[in-house]
Amino acid sequence: MKLNLPNIFTLSRAVLAPVFLALLLHGGQWQTAIALLVFIVAAITDWLDGWLARKYGQSSAWGTLVDPLADKVLTTAAFLGFAMMNLVAWWMVVLVVVRDIATTAFRSYADAVGRPLVTSWSAKVKTFVQMTFIIVVLVFLAVQHIPFPSWFLVLISWVLHPIALQGTMLIVTVVTVWTGAEYFFQNRGILRRPCVRVACFLRRMFKAKRSMHLG
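When you number the sequence shown by my numbering, it's gap-free, plus one each residue, and the end is 1358.
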């Protein structure tokens, strides 16, 4: 792997994720504000690494594989932080994380067998929905203790109300799981051959075991 500028930005996103999570879980107003800033900077690198790679012809198979993985590390850190702060339900976070791990593993397998996958429009929508939810929650967490006008404080209380957070997170979870299912369905042909091989292997094992018992 040649470590060029786009790759450095990609790696920085994964490095910033635990820094962001530690600041978020500290719980102080300034720490939350800095966590928001760290997340926004990390999110900007997601756009910047792709732009630099295209502009200077520095796209690589490694970057194509690791870039979405770094995105998922960052969003996973945010969702885990929200769950640990009891802002969202753990079961929804688990569904989101499992979906992201499964699609990343599938993408890696597709690259390994020479059938790289292109990011779909629905996957981009999923990323936008997740990022918007995370940033909005972080913004309101960061400013909730600032003495704003009463109407804005009411707005903050509405946005951070448990029902509002859980309901919005449910929408994020449904979108995430749906796009994951669509991702596997649209590219199911890639899995067909290994699944057939596994089925044939299991069938041979069953026949061999049955023959031993009959013998």
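Think of the CB as a built atom: it goes at the ideal place given N, C-alpha and C, for glycine as much as any other residue.
Closest residue to PRO1149 among ASP1189, ALA1255, ILE1299 (Cα-Cα distance): Along the sequence shown, read from residue 1 onward, the residue named residue 1149 stands at position 6. Checking every option, the nearest Cα to that of PRO1149 belongs to ASP1189.
The stretch 1241-1259 touching the stretch 1156-1164, judged by at least three CB pairs closer than 8 Å: no
Minimum length 4: unbroken alpha helix (DSSP H) runs contained in the stretch 1297-1339: 1305-1329
Per-residue burial, VAL1268 [other beta carbons within 10 Å of its own, 16 or more giving buried]: Translated into the one-based positions of the sequence shown, residue 1268 becomes position 125. Classification of VAL1268: exposed, given that the 10 Å Cβ count is below 16.
Beta-carbon spacing of THR1218, ILE1277 below 8 Å: For this step, residue 1218 is matched to residue 75 along the sequence shown. For this step, residue 1277 is matched to residue 134 along the sequence shown. Going by C-beta atoms, THR1218 is nearer than 8 Å to ILE1277.
Test item: CB-CB of ALA1178 and LEU1167 under 8 Å: Your numbering for residue 1178 matches position 35 in the sequence shown. Your numbering for residue 1167 matches position 24 in the sequence shown. Cβ distance < 8 Å, so ALA1178 and LEU1167 count as in contact.
Entirely enclosed alpha helix (DSSP H) segments - the stretch 1171-1240, minimum 4 residues: 1172-1198, 1204-1227
Proximal residues to VAL1272 (C-beta, below 7 Å), its chain only, five neighbours per side dropped: Here the question's residue 1272 lines up with position 129 in the sequence shown. Only VAL1315, VAL1318 meet the Cβ criterion.
Limits of the unbroken alpha helix (DSSP H) element including VAL1256: Mapped onto the sequence shown, residue 1256 falls at position 113. First-last for VAL1256: undefined, no H or E at that position.
Boundaries (first-last residue) of the alpha helix (DSSP H) holding HIS1169: Taking the sequence shown and counting its residues from 1, the one referred to as residue 1169 is at position 26. Run containing HIS1169: 1148-1169, per the alpha helix (DSSP H) assignment.
Where the alpha helix (DSSP H) through ILE1278 begins and ends: The sequence position of residue 1278 within the sequence shown is 135, counting from 1. Element bounds for ILE1278: 1264-1286.
Cα-Cα separation, LEU1195 to ASP1243: Indexing the sequence shown from 1 puts residue 1195 at position 52. Indexing the sequence shown from 1 puts residue 1243 at position 100. Whole-angstrom Cα-Cα distance: 25 Å.
Within 8 Å, strictly: CB atoms of GLY1323 and ALA1245: The sequence position of residue 1323 within the sequence shown is 180, counting from 1. The sequence position of residue 1245 within the sequence shown is 102, counting from 1. Cβ distance < 8 Å, so GLY1323 and ALA1245 count as in contact.
Proximity winner among THR1270, ASN1229, PRO1305, relative to GLY1170 (alpha-carbon distances): The residue given as residue 1170 occupies position 27 in the sequence shown. It is ASN1229 whose Cα lies nearest to the Cα of GLY1170.
Nearest-angstrom Cα separation, counted from TRP1321 out to TRP1264: Here residue 1264 refers to the residue found at position 121 of the sequence shown. Here residue 1321 refers to the residue found at position 178 of the sequence shown. Cα to Cα, TRP1264 sits roughly 13 Å from TRP1321.
Cutoff 6 Å; reference LEU1212; Cβ partners in own chain excluding five residues on either side: Taking the sequence shown and counting its residues from 1, the one referred to as residue 1212 is at position 69. Cβ neighbours of LEU1212 beyond the five flanking positions: THR1247.
Residue nearest to GLN1172 in terms of C-alpha spacing, selected from HIS1304, GLN1287, ILE1299, LEU1313: Counted from its first residue, the sequence shown places residue 1172 at position 29. Comparing Cα positions, the closest option is GLN1287.
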